[in-house]
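J.: Each residue of the sequence shown is one higher than the one before, starting from 1 at the first, in UniProt numbering.
Note that the Cβ used here is the ideal one computed from N, Cα and C, for glycine as well.
Just so it is clear, the structure is predicted and the values come from calculations on it, not from any experiment.
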Amino acid sequence: MAAVLKKRAMAEYSHSNTQVETIQPHKKLRLTKKAKKESHKEKTSEKLSVISASVAASVPSVKSLEYFISNCSNNESSVTFEIVKLFENVLKENNASANIISLCEKLISIIKDEKDEILKASLVRIFKEILCFEKIEEYLNFTFVIEELLSLIAIAEGKITIAEILDTIHRILENHPIIPACDFSQQLINATKHLLMNNNSHLVKRQSLRLLSELAPISSENTNDINMPITQMQSKCTSIIKLLRDFSHYFDPRVRNDALSTILRLHDRGLKLDFSLYSEFCVALNDDYEGCRMTAMKLLEVLSHLYSDCLVCVNQGDEQIRLVDDAFAKICSMMNDSSIAVRTEAATLLGNISEVSFSFLSQTLNKTLMSNLRKKKSAHERSRESYSAGEWSSGRKWADDAPHEELCPDTINLMDIGACGAFIHGLEDEFMEVRMATLEALCKLAIAFPQFAEQSMDFVVDMFNDEIEDIRLKAIQCLSKISQQKIVLRGDQIEIILSVLEDSSIDIREALHEMLGNCKISTKEALKSCIENLIENLKKYSEDRNSIWKCFQKLGANHAELTLPLVPELLGIHPFLDLTEPSLEDITHIAILILVFNAAEKCPDITKVFVRHTIQHYVYLRDYYSSLVPNILSLNNNVEVKLTSLDLSNNEHNSAQSFLFSVFERIGKSMASERMNLDRQTSIIELLIRDLQRLGKIEPMMSHASDFLKQYLECQMALRKILSNNNWINAFLLSSLQSSSFRSSLQQILQTTFALVHQFHGMHPLHLSLILQTRVKALALQLIAVIHGSNASALTLCDAFLEEVKTLERHLVNNQLKPDALVESMLREIGVLEHPKPGSVARALQPLFLLSSTTLSAQTLDLTELVRENTFSSLKEIKKSSCTIDEPKGRSENPLKFTAGLILTIKLDAVLYNIKDIKNVRLKIHYPDQQTHFILPRLSDFRPLNSDNEDTKNYRLYTNVYISHGVWTEAAYVDICLVLDFREKCSHLTVSQSWTLKSSASVRVKPEESLIIELCKPVKICISPKQQKKALCA
């Protein structure tokens, strides 16, 4: 058996069986990619393009509106954007009135048929935005719109929809207040009252209350309404006020707040609130909603002005005080409120109550509580009460002398302290908003009450140590205003004030300098300490030079008697020894001289101790710093002092004006004379230009007007110079010198007229029209010369010319002015052209400029309109945008050295005058290699100054200028100045003014730089970038 198994095993082992492996193919997977589902946003965008096309093709677009709303109901933002865009496009069409009415009717019908309340509310919101378009009232009848909206309220069911409809009506009435006087005003009031009483939604109630504030008929607004007597108006207002009083106690705080706000709105419209409302507003002060408390305080402040002397009872007792005092005390108690907004509003309102009694006002600076918050009675009053009661204490009964009213400790609120310490709590508040508002209120009341100003000085001075910079600055400004009440500062107060001079903020230091100049100091020692600290401050912060000099000027003028014993020590005058003469380059010595000279004007005895070099310094400073050093009559007898414009009398100012008027007369006579030829007129005008230039230097008050006339006359002379050459139209016939002169004259006209328009403000409309006409003439000459004298494209020049023509026509129409004969012919020829292209425009204008040179020059140089008598007075109102750079001074022999590639920081301190928009101001840095950089200063670096003009303002620019460059072999000057940049706003003028810049000059000027106006002469700073030193290898 074993042999058999062995044999079988050997047979299987020796037998080989070959199997062929079959490779099965991979199973093919069919990947089915889902078709991309078009999103709703893409559908909307496609439909937006369809609608936009239909809007442009079909008029009116009612079908487009219906199609869009029905297909885009799920995307509210797209609906809003497209419908508003649809209405804007229709408003630009010629027959906009009929289309707007049809579109509004269709939109209202769609809103009525819409079943979805959310979409209906969205459509009403869109309709509200449409009704806010400018001049929409010219196309729509708002009476019809309000009637349709009232019908929508009747069928609407959703609270959001009703609230949106009420808000839409409120917006209409707010923008058009005459509508409540129409016939359906009572219908509107009834519908609003019905919703207010029957609808439970707070949204509907709030919108109804706001609508009632516009529906209430006010007698002061409806004096021309004959259909509604005054008694009927008063009865309607009384019923509305009664309704508002009821809802001021509603359980929802938002409704209560809107009810009180509606009463406040009625007061703003002119309704006199009733005295009986005072108790209601006092109750609202204890409301748990902060909005109600804030509105109640505003209403108390309103009643305190209306019924200031009326008597009210205090805490339901027998004592009566004035209403304004009680309201003031109640608002003071709100200074302890838990809400920051309430405390801030309370502090703000306190400053507006100037009729309060001084006894109540003085309590705001005292935290002492008096006899359990009750008025303490005298012994005589207590005995009189016992006598009137007929009862005397016999001592036999227990506690028979106890007070009649027992006090419960739980009923006493220690925080209800009235006016006691209100301002102290505000100044010690943890939030800066409350402290800021308290300081402003304290300053207002201190100005109104001089006695209160003396009491509040210590508290304002303590705020100089606040940790917030804005609070310290506000405290300094408030003290500066309070010190104008002729309040004398004590020595301890001066010490606290002088400690702030070490502050790192330049705004705080300069505000402190101004405050010290306005205040009065009590003792000589305090004045000396003040002078010493200011001198140390000037040494540490040299950039405060101008501010400290002005402070010394006011200190000397206000403290002449205190300065007299300090003069020998301040000037270093020894009774026996002749000391060294101080240098005038020392800014601290100049500050002391300014102090002494201003004191010497008020106290002439000071001049008796002056030495020789002090008088010489006076002559120098009087000439160099005429605004800081006064004219001392006792010193003018021995030395010759140059008088400035500040010393001129009114008669001398009038003589300057009469001289300017004589210039007008000479221009008028030269234009009116028929015997005077053009050459004679030209010589007279050149002489007048020189006179105007000298007048601007002599009389700064008339410098702006004289500069304006001088530049305008120079433009006319340049235009006359161009037209004097008969070959100006054929540039190829001109020599290189004549061609360069032609281009430079055009460049002068275009740049000067551009500067006249944008740099001078307050011009008479006639003067502006003359400048625009001169500019149009120059552009016409440029266009004709380019068409006939070169192969360059004139399309952009023609567009710029037509743009200027439109501006001129618009100005003439708005001011009802007429152009001169030449410009009138130009406007007529251009108006005839159907397609104004460069060639056709040049061919139309060419005959007008091909007259004889004498005739053409006479038309161009006609200055009759300039010298109208009714425009002379407006010349004094012209203001020129200018700038003075105080720091850096420039022209220093010592170069500023820095490593090449790194940054050199230069502090810039400049004052800008008559600036219309500070966003156009740029810093211009011009390097010796002709690179020019324009830097936009930060808006926070501009500090507004006092300005009498509303259109333009004065600013102080204090910023850093960063300069960087490569290695220079020697030091060179960098020019820094301030300019007005109009390249972004007037980009269409770049090409029109660039053709004139193509000259053979070696210096290349970029075309866009012709739209830049320099405000001052550049300051030259000597710098020297050095090569970086290589480090020594170890």
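In whole angstroms, what separates the C-alpha of Met432 from that of Asp287?
T.: Cα to Cα, Met432 sits roughly 25 Å from Asp287.
J.: Bridge partners for Lys1026 per DSSP, in chain order?
T.: Note: Lys1026 sits in a beta bridge opposite Thr899.
J.: Find out if the Cβ-Cβ distance for the pair Leu808, Gln751 is shorter than 8 Å.
T.: No, the Cβ-Cβ distance between Leu808 and Gln751 is not below 8 Å.
J.: Under a three-way DSSP split, which group does Ala910 fall into?
T.: DSSP places Ala910 in strand when its eight states are reduced to three.
J.: Taking the alpha-carbon positions, what's the Glu1014 to Val979 distance?
T.: Each residue's Cα considered, the two are about 4 Å apart.
J.: If distances are taken between C-alpha atoms only, which option among Gly421, Phe898, Gln320 comes closest to residue 1058?
T.: Since the first residue shown for the chain is 1 and the last is 1034, residue 1058 is missing from the structure and cannot be characterised.
J.: Since Ala327 and Glu301 are thought to touch, with beta carbons under 8 Å apart, how far apart are those beta carbons, to the nearest angstrom?
T.: The Cβ separation is near 7 Å, so the contact holds.
J.: Am I right that Leu802 and Pro836 are in contact with their C-beta atoms under 8 Å? What's the rounded C-beta distance?
T.: About 6 Å; that satisfies the 8 Å criterion.
J.: State buried or exposed for Tyr958, treating a residue as buried only when at least 16 other CB atoms are found within 10 Å of its CB.
T.: The residue is buried, with at least 16 neighbouring Cβ atoms inside 10 Å.
J.: Would the beta-carbon of Ile548 fall within 8 Å of that of His513?
T.: In this structure, His513 lies closer than 8 Å to Ile548 by Cβ.
J.: Look at the Cβ atom of Tyr618, then the Cβ atom of Leu635, and state whether they are nearer than 8 Å.
T.: A contact, by the Cβ cut-off of 8 Å.
J.: Using a Cβ distance threshold of 8 Å, determine whether the segment 271-284 contacts the segment 306-318, with at least three qualifying pairs required.
T.: Cβ pair count under 8 Å is three or more, so yes.
J.: Between which two residues does the alpha helix (DSSP H) carrying Cys332 extend?
T.: Note, Cys332: alpha helix (DSSP H), 323-333.
J.: What is the rounded straight-line gap between the Cα of Leu243 and the Cα of Asn199?
T.: Approximately 15 Å between the Cα atoms of the pair.
J.: Quick one: residues in its chain with C-beta nearer than 6 Å to the C-beta of Gln930, no 5 flanking neighbours on either side, listed in chain order?
T.: For Gln930, where only same-chain residues beyond five positions count, there are no Cβ hits under 6 Å.
J.: Would Ser706 be called buried (16 or more neighbouring beta carbons within 10 Å of its own) or exposed?
T.: Flag for Ser706 reads buried.
J.: Would you call the CB atoms of Ile939 and Ile918 closer than 8 Å?
T.: Reading the sequence as shown, one finds Leu at residue 939 and not Ile. Yes, the pair counts as a contact, with Cβ atoms nearer than the cut-off.
J.: Label Pro804 either buried or exposed according to how many other C-beta atoms from any shown protein chain fall within 10 Å of its C-beta, with 16 as the threshold for buried.
T.: Per the sequence shown, residue 804 should be read as Glu rather than Pro. Burial call: buried.
J.: Tell me whether Thr884 sits in a helix, a strand or coil according to DSSP, three-state version.
T.: It is a strand residue.
J.: Let me make sure I understand the geometry here. Which of Glu510, Asp507, Ala419, Met515 has the alpha-carbon closest to that of Val460?
T.: Per the Cα distances, Met515.
J.: Would you mind sorting Arg293 into buried or exposed? The rule is 16 or more other CB atoms within 10 Å of its CB.
T.: Arg293 is buried by the Cβ-count criterion.
J.: Quick one: what's Lys1017 bridged to in DSSP?
T.: Paired residue(s): none; Lys1017 is not in a bridge.
J.: Using CA atoms only, rank isn't needed, just tell me which of Glu467, Gln455, Ala448 is closest to Met436.
T.: Taking only the C-alpha atoms, the option nearest Met436 is Glu467.
J.: Would you mind reading off the limits of the alpha helix (DSSP H) that contains Ile587?
T.: 587-602 is the span of the alpha helix (DSSP H), which, as asked, contains Ile587.
J.: So, is Cys104 buried or exposed, given that buried needs 16 or more other C-beta atoms within 10 angstroms?
T.: Buried, by the Cβ-count rule.
J.: On the criterion of 16 or more Cβ atoms from any shown chain inside 10 Å, does Glu569 qualify as buried, or is it exposed?
T.: Result: exposed.
J.: Helix, strand or coil: how does DSSP classify His761 here?
T.: Of the three classes helix, strand and coil, the one that applies to His761 here is strand, per DSSP.
J.: Give me the Cβ distance between residue 1043 and Gly270, rounded to the nearest whole Å; I'm assuming they're in contact under 8 Å.
T.: The requested residue 1043 does not occur in the structure, where the chain is confined to residues 1 to 1034.
J.: Opposite Thr932 in the DSSP bridges: which residues?
T.: In the DSSP output, where bridge partners are listed per residue, Thr932 has His926.
J.: In the DSSP output, what is Pro944 paired with across the bridge?
T.: Per DSSP, Tyr955.
J.: Assign Arg690 to buried or exposed, taking buried as 16 or more other Cβ atoms, counted over all protein chains shown, within 10 Å of its Cβ.
T.: Label assigned to Arg690: exposed.
J.: In terms of residues, what are the limits of the beta strand (DSSP E) holding Leu977?
T.: At residue 977 the sequence reads Cys, which differs from the Leu that was named. Element bounds for Cys977: 972-981.
J.: At the level of alpha carbons, what is the spacing between Gln716 and Arg775?
T.: Going by the C-alpha atoms only, they are around 10 Å apart.
J.: Considering only C-alpha positions, which residue in the set Ser662, Cys282, Cys237 is nearest to His249?
T.: Minimum Cα distance to His249 is reached at Cys282.
J.: Identify the continuous beta strand (DSSP E) that holds Cys313 and give its terminal residues.
T.: It spans 311-313 - the beta strand (DSSP E) in which Cys313 sits, taken as one unbroken run.
J.: Just the Cα atoms here: how many angstroms apart are Ser378 and Glu428?
T.: Residue confidence is low: Ser378 scores 47 on pLDDT, short of 50, so the model does not pin down where it sits. Its coordinate-derived value is still stated next. Straight-line Cα distance between these residues: approximately 35 Å.
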